[in-house]
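J.: First to last, the protein sequences are chains A and B.
According to my numbering, the first sequence is numbered sequentially starting from 9.
According to my numbering, the second sequence is numbered sequentially starting from 6.
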Amino acid sequence: VSVPDLGMRERAVDARERAASELFDSEYPRLAGWCRRLVDDTDTAHEIAAEAFTRLWSRWAGVSEPRGFLYVTAANLVHDHWRRRERERRATRLVRQPPTEQDEPGAGPDLRPLVDSLPRQMRAAVLLYYYADFSLREVAVLLGRKEGTVKSDLSRARVLLRQRLEASP
Amino acid sequence: VNHPDELDRLLSSPAHPLAPPAGLFERVRRRAARRRRARAALTVSAVAVVAGVGPPVALQLGADPGTPSPSVGDPSPSARTGPRCRTGGLRVSLGRIEAAAGSRYAMLVLANTSGRPCRLVGHPRVSAVDAAGHPLGPVASPAPGNPRRRLELFPGAVASTVLHWAGHAAGPCRPESTYLRVYPPGAGRAATVHARVQLCGDVFDVRDLTRGSAGPAR
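#1: When the cut-off is 8 Å and only beta carbons count, does residue 66(A) lie next to chain B?
#2: For residue 54(A) and chain B, any beta-carbon pair shorter than 8 Å?
#3: Taking C-beta to C-beta, are residue 149(A) and residue 133(A) nearer than 8 Å?
#4: State buried or exposed for residue 22(A), treating a residue as buried only when at least 16 other CB atoms are found within 10 Å of its CB.
#5: So if DSSP puts residue 112(B) in a beta bridge, which residue, or which two residues, is it bridged to?
#6: Does DSSP put residue 163(A) in a helix, in a strand, or in coil?
#7: Output the distance between the C-alpha atoms of residue 164(B) and residue 126(A), rounded to the nearest integer angstrom.
#8: In chain B, which residues lie with their C-beta within 7 Å of the C-beta of residue 36(A)?
#9: Would residue 188(A) pass as a contact of residue 81(A) if the rule is Cβ separation under 8 Å?
#10: State yes or no: is the beta carbon of residue 16(B) nearer than 8 Å to at least one beta carbon in chain A?
#11: What are the boundary residues of the alpha helix (DSSP H) that includes residue 118(B)?
#12: Might you give, ordered along the chain, the residues of its own chain that have their beta carbon closer than 6 Å to the beta carbon of residue 172(A), omitting 5 neighbours on each side?
#13: With DSSP run on the structure shown, which of helix, strand or coil describes residue 210(B)?
#14: Have a look at residue 3(B) and residue 162(B) and give me their C-alpha separation to the nearest angstrom.
#15: Rounded to the nearest angstrom, what separates residue 99(B) and residue 110(B) at their Cα positions?
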């Protein structure tokens, strides 16, 4: 098919595929890297990032904030992953997890279980603001809350996290 | 760990980007397209399943599990019978046009913006028109096995349906449309939405409306 024969629709499809490919190229590595910090291994990080993109593109209607949609979806998937892991651990009555792939040296104590133990709204705000580098205003839009509420959630989360860090051995 | 700045260091340590495995983009695109089609098929089969059962059943079609979706209004089977939804009290929007195996699909969404509950039964009357409003091809016919259902739409709630037509392989094509003209069920006045739809052959059908949404259309 030569280019002049392409109808409106085909050109629209081309433009959509190009836009999708650009979004993937620019956002996937960051999103997957973000997931990697929140889960135990690289494969799980890729699975979660790929699933977030699949959900974005499997919607019939457009999403006005694709980047925010990706991170909010991935944050929910990460949380589901943790809960599943916790259930499995209980079911198999393992006292300790076998050693898994190590974080980079110098990453310090594991903040993930602490972040995950935060109340839901606080957790989402922490994940998006600190881990995904969204601005306060963007986090407020993504979570559908007031900027002031997000700000106070973040500062309460910091207090809680600090207390729990100090209490951990 | 007790050092007060430990928290800041932990929270602000940068993430290292991870390059996608080879071929992942194409796999994800294919998987997303499969899910979209499956959901369109689900809309159809869910309508068939509840046929003859009686009371409306709350269905969240088109919404991704685990992600926020707009309110779908009152799911109660004993909802009162409101007045019929009027064209002026509905916002009509069209989702993306999807191509699959020679067919084209698009989700049509009707949102109750009237501020009070209203009722929709059956399917909208949909036709493709040019910029001057002249029809391009037939009015969409009700798809076979299309049962009527009464939907109570509370303020802000949405109903949706899938339009289906054929692509080039089906036969001679009509010119591409500028708009779709949409008469909500029972309404005497049409809503108009921008849509580039090219009908080919003589396939053009519409399902009954079901509760739920595909999210805000672009």
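Glycine included, every Cβ here is placed at the ideal spot set by N, Cα and C.
T.: In short, the structure shows the following:
#1: Taking the first sequence and counting its residues from 1, one reaches residue 66(A) at position 58. At least one chain B Cβ lies under 8 Å of residue 66(A).
#2: Translated into positions along the first sequence, residue 54(A) becomes position 46. So yes, residue 54(A) belongs to the interface.
#3: By one-based count along the first sequence, residue 149(A) stands at place 141. By one-based count along the first sequence, residue 133(A) stands at place 125. No. Outside cutoff.
#4: Residue 22(A) sits at position 14 when you count from the first residue of the first sequence. Burial call: exposed.
#5: By one-based count along the second sequence, residue 112(B) stands at place 107. Its beta-bridge partners are 167(B).
#6: For the purposes of this step, residue 163(A) is taken as the residue at position 155 of the first sequence. In this structure, residue 163(A) counts as helix in the three-state DSSP scheme.
#7: To locate residue 164(B), count along the second sequence from 1; it is residue 159. To locate residue 126(A), count along the first sequence from 1; it is residue 118. Rounded to whole angstroms, residue 164(B) to residue 126(A) spans 36 Å at the Cα level.
#8: For this step, residue 36(A) is matched to residue 28 along the first sequence. Within chain B, the residues near residue 36(A) are 25.
#9: As shown, chain A starts at 9 and ends at 177. That puts residue 188(A) outside it, with no answer to give.
#10: Working through the second sequence from its first residue, we reach residue 16(B) at position 11. Closer than 8 Å: yes.
#11: Locating residue 118(B) in the second sequence gives position 113, where the first residue counts as 1. Run containing residue 118(B): none; DSSP gives neither H nor E here.
#12: In the first sequence, residue 172(A) corresponds to position 164, counting from 1. Excluding positions up to five away in sequence, the list reads 122.
#13: Counting from one through the second sequence, the residue named residue 210(B) turns up at place 205. The answer is strand: DSSP assigns residue 210(B) an E or B state.
#14: Past the boundaries of the shown model lies residue 3(B); chain B is included only from 6 to 223, so the question cannot be answered.
#15: Within the second sequence, residue 99(B) is the residue found at index 94, counting from 1. Within the second sequence, residue 110(B) is the residue found at index 105, counting from 1. Each residue's Cα considered, the two are about 10 Å apart.
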